[in-house]
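Sequence order for the protein chains is A and B.
Under the UniProt record's numbering, the first residue of the first sequence is numbered 1, with each subsequent residue one higher.
Under the UniProt record's numbering, the first residue of the second sequence is numbered 1, with each subsequent residue one higher.
Quick reminder that beta carbons are idealized off the backbone N, C-alpha and C, glycines included.
Written out below as structure tokens is the structure these notes cover.
There are 2 protein chains.
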Amino acid sequence: MILNSLSQNLIETLFNALPEDCLRRAEPRYLEEPRSRYRGNNASYVALPRTVDEVATIVRACNTAGVGIVPYGGGTGLVGGQVLDQGPVPLILSLERMNKIRAVHPLENVLVAEAGAILASVQDAAEEVGRLFPLSLAAEGSATIGGNLSTNAGGVNVLRYGNTRDLCLGLEAVLPSGEIWHGLTRLRKDNTGYDLRNLLIGAEGSLGIITAAALKMAPRPASYGTAFMAVNGPDAALQLLALARSHVGESVSAFELIHRQGPLFVAETLPDVRQPFVDPPEWMVLVEFGMPAGADSALEMVFEVALEKNLVNDGVIAQSAGQRADFWSLREHIPEANKRIGSISSHDISLPLSAVSEFIIVANSALADLGEFRINCFGHLGDGNLHFNVFPPKGQDREDFVHLRDAVKNCVHKLLQGFEGSFSAEHGVGRMKVEDLEKYGDPTRLIAMRSIKTALDPNGIMNPGAVLRA
Amino acid sequence: MILNSLSQNLIETLFNALPEDCLRRAEPRYLEEPRSRYRGNNASYVALPRTVDEVATIVRACNTAGVGIVPYGGGTGLVGGQVLDQGPVPLILSLERMNKIRAVHPLENVLVAEAGAILASVQDAAEEVGRLFPLSLAAEGSATIGGNLSTNAGGVNVLRYGNTRDLCLGLEAVLPSGEIWHGLTRLRKDNTGYDLRNLLIGAEGSLGIITAAALKMAPRPASYGTAFMAVNGPDAALQLLALARSHVGESVSAFELIHRQGPLFVAETLPDVRQPFVDPPEWMVLVEFGMPAGADSALEMVFEVALEKNLVNDGVIAQSAGQRADFWSLREHIPEANKRIGSISSHDISLPLSAVSEFIIVANSALADLGEFRINCFGHLGDGNLHFNVFPPKGQDREDFVHLRDAVKNCVHKLLQGFEGSFSAEHGVGRMKVEDLEKYGDPTRLIAMRSIKTALDPNGIMNPGAVLRA
């Protein structure tokens, strides 16, 4: 199906069908994305519904008119899933007004949030009843839970609590036909047919619009212990993780591997951010235990054993909530520092755990053959998820290296294939990685994905060109 | 599409395409199921492939011939998903020869098993490397991991480790077209398109044949503590669970609610099974902690606090591995005792946690209006999953109550709807609950399910009549 551009006719239909302030010309913020690789069409409108029925009205009208819909969450996506930069003018659909916490069930550890709720406000709603909503990522102050669900966002607590899909029990969604699926179940077990929930989660808005979700909360650990430890390489870090788990089981909440390059970039571009090490070690981990009690002493014990086993050589345990916040602040400012330095090519990759260490060695060496780069490698080690970002040498401009971007990217992706890794661990496919998916994805799965897309969205209106070629 | 019966022509095609011992007349065991409600066609053949390529050959041939395939795992399903009792004669496909553990990755906590592997042998493979494969259920000695995945099996450790879908990282599968999806990833994070894995998991063989899976193992807790506690009702049991979690976090591995009726049935029909209580209390829980150390003392502490809070009134903590096995043996023999007593109607249901207690009261009262019954209510309380099974009064025959089966079932299911519960928590839909799904399922979701089925299996060959009406 070839889509139509948003027409005056459809705009009038929508004006008549919706409350009067629900539709307007899209301001620039809806047409931009953080990495400035995609730019939306200035002729786009944005629809701002307040209810699932209004969303259904909008989707139905667009489906009838054959006009594309681009769902817009917090705008923090890094793969261009929220910006359509070519083809017929779409309607942008923002659920920012559907941002209520509809219900909180502390005894069940469940809350129901509308898709437009900011992640931080979902976290706050859980905290108010003494619970934890464990999804945690750098963009949590502006990302929406609907966007998190649509991209199956990851973050720093996946190790313990899973990806976003693992935190969701039920969904309310509008399918491309404009029909509403009322699936906001709070059940922990419900084996009654196909898993539509997980199909919509991670589909990046290409199969329907998630409008609300029943989400799992977790007990809030009473005691947190947080430390930076200097490790003797990625392999030692993995052994440290196994050691930590043998001592405290699932209480390892976060385990972030950080190469020296990250803190150096932060020191260079964000000098106000506090640094735990005067001279950062080559490799360090930020590790956090969350337990009913005694997390600090458990952390100390693990550190002592790790020292004996020659896995770590230095470390600092946070002595206060303030210091804990400082530790996390350093970790969370790495992406901003990267942005200020300006990468040649960024890679959100994952590997089988036992391949992580070797991959880093092989990839560093392969990239060295292509030229002189600085590599900032950091990530969620327990998930095998690395952010492997490539920068020009100090003092040089990224513009002088743009011609190498494809070579760098292809080098990394080819290596990944050999290691059975993935070219997108947590950011998704969006528009940026559609070709990679075609190139590296399993052909049978791609055919199945295409069949499912056509079955649920025969007119191809939902986020055209995201995940699958339009 | 109307299917064809398995023809001499197709049988010859398969004989020629497969090694000679791969096809034979189906013995009775492939045509029966545990509850004897469904009986397969005697003219059926069973195919017994050894490789995924042979599976693909079989599926392709059936798809071309328009002949239905009934996938057969361990045969332990309770909703008739493994037996086609009407319509054109199908081919039965058993993966019992594809039962290898292909690989074990202890450092990654991953193993790769073929679909025909018996669940107990997957557990054993994990134990051999000092890990835990946490899926655990009464039928684990004969159920296959392929069947567990296809039905998204639950069991006693869901509370801590999740349903089968939560234990799976990747799949190898043959889609209805006969194409092979090579998706055996060991990655913890991989956001590259639609979640085909979760779509096949729980589809009960109606969207394709799972031939192998990459499965998560967990660290094996060094210390287990297991206890029976007499609780002051289901509500007190839920409070006890919250109390336990506030003390030991995720270390609560199992939390089974058991009504007195279960142990009484076991005493009546299986007198050799040891009983922890001479006179079983009205409500009890079987609770298990698995921790790096000190599980027994943690259990004792929780029991003391629960006693003070008047949640429990009696209890016994297992003092040896033998006693722990005895405790579990009682729990696991309840289904067999039920079978020997003979139920009028069995219900595998789930509820929002906070509704469990009230549901039990309301349902007992509603059923009392229908007649005099014995109700054996037990289940996985932390998951909100009850097995709510209805029996004739002592000394009376179930045949005299069969006429009440529909009334009992409808009564339970109607009540469930009011409580936002599910009519199938862990057993699936199979053939037995297709009508319930049509009656109680969300209409938009049903339409989407039907679209997906048609898109992936346009000829309707995969397990016809399971989940969706053929």
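State the DSSP-derived secondary structure class of B/A470, mapped to helix, strand or coil.
In the three-state reduction of the DSSP assignment, B/A470 falls in the coil class, being assigned neither a helical nor a strand state.
Beta strand (DSSP E) containing B/C411: first to last residue?
Not the beta strand (DSSP E): B/C411 falls in the alpha helix (DSSP H), residues 405-418.
For the 8 angstroms Cβ check, are there 3 or more pairs between the region 177-186 of chain B and the region 409-424 of chain B?
no
Is the Cβ of A/G249 closer than 8 angstroms to any Cβ of chain C?
Here the protein chains are A and B, and chain C is not one of them.
Would a C-beta distance cut-off of 8 angstroms place B/L370 and B/L330 closer than the cut-off?
Using a Cβ distance threshold of 8 angstroms, B/L370 and B/L330 do not count as a contacting pair.
For A/F289, which of A/A298, A/E426, A/W283 has the nearest alpha-carbon?
A/A298
Against chain B, with Cβ distances strictly below 8 angstroms, would A/H387 count as a contact?
no
Go ahead and pull the three-state DSSP assignment for A/P263.
The answer is helix: DSSP assigns A/P263 an H, G or I state.
If you check the beta carbons only, do A/A222 and A/A113 fall under 8 angstroms apart?
no
So, with DSSP's three-state summary, where would you put residue 495 of chain A?
There is simply no residue 495 of chain A to check, as chain A begins at 1 and stops at 470 in what is shown.
Below 9 angstroms between beta carbons is the criterion; list the residues of the region 415-448 of chain A that meet it against any residue of chain B, in chain order.
E420, G421, S422, F423, S424, A425, E426, H427, G428, V429, K433, D436, L437, Y440, G441, D442, P443, T444, R445, L446, I447, A448
Taking 8 angstroms as the threshold, find out whether the region 379-391 of chain A comes into contact with the region 336-355 of chain A through three or more Cβ pairs.
yes
Assign A/E372 to buried or exposed, taking buried as 16 or more other Cβ atoms, counted over all protein chains shown, within 10 Å of its Cβ.
exposed
Please list the residues of the region 267-297 of chain B that have a C-beta atom closer than 7 angstroms to any C-beta atom in chain A, keeping them in chain order.
M291, P292
Would you give the residue range spanned by the alpha helix (DSSP H) that A/D296 belongs to?
295-308
Would you mind sorting B/Q123 into buried or exposed? The rule is 16 or more other CB atoms within 10 Å of its CB.
buried
Going by DSSP, what residue range makes up the beta strand (DSSP E) through A/Y72?
69-72
Checking 8 angstroms against the spacing of the C-beta atoms, do A/V89 and A/L6 come in under that value?
Yes, the pair counts as a contact, with Cβ atoms nearer than the cut-off.
Taking Cβ-Cβ distances shorter than 7 angstroms, what residues in chain A pair up with B/S246?
P219, P292
So with Cβ pairs under 8 angstroms, would you call A/P352 a contact of chain B?
Put simply, the CB of A/P352 is near chain B, with a gap under 8 angstroms to one of its CB atoms.
Roughly how many angstroms lie between the CA atoms of A/P458 and A/N9, to the nearest whole one?
22 angstroms
What's the C-alpha gap between A/T444 and B/V174?
Each residue's Cα considered, the two are about 9 angstroms apart.
According to the neighbour-count rule (16 or more other Cβ atoms, all chains shown, within 10 Å of its Cβ), is B/D53 buried or exposed?
Exposed.
Just verifying my parser: in three-state terms, what is the DSSP assignment at A/E426?
Note: A/E426 maps to coil in three-state DSSP.
Can you tell me the Cα-Cα spacing of B/L199 and A/Y30, whole angstroms?
Between B/L199 and A/Y30, the C-alpha separation is close to 33 angstroms.
Check distances from the C-beta atoms of the region 143-160 of chain B to those of chain A and list, in chain order, the residues that come in under 9 angstroms.
T151, N152, A153, G154, V158, L159, R160
At least one CB of chain A closer than 8 angstroms to the CB of B/K189: is that the case?
yes
Please decide whether A/S346 counts as near chain B, where near means a Cβ-Cβ distance under 8 angstroms.
Taking Cβ atoms only, chain B never reaches closer than 8 angstroms to A/S346, which makes this a no.
Which residue's Cα is closest to the Cα of A/P263: A/W328, A/G249, A/V156?
A/W328
Report the residue ranges of all alpha helix (DSSP H) runs contained in full by the region 106-166 of chain B; include only those spanning at least 4 residues, in chain order.
119-128, 145-150, 158-161
Within the 8 angstroms Cβ cut-off, does B/R39 reach chain A?
Chain A, which has no Cβ nearer than 8 angstroms to the Cβ of B/R39, makes this no.
Which of helix, strand or coil does DSSP assign to B/S36?
coil
Can you give me the C-alpha to C-alpha distance between B/A337 and B/Q275, rounded to a whole angstrom?
14 angstroms
Contact defined as beta carbons within less than 8 angstroms: I believe B/L286 pairs with B/F359. What is the distance between those atoms, to the nearest angstrom?
Actually they are not in contact, since the Cβ atoms of B/L286 and B/F359 sit about 21 angstroms apart, beyond 8 angstroms.
Who are the near neighbours of A/G141 in its chain, counting only those whose CB is closer than 6 angstroms to its CB and skipping five residues on each side?
A120
Is there contact between the region 250-257 of chain B and the region 151-166 of chain B, where contact requires at least three CB pairs shorter than 8 angstroms?
yes
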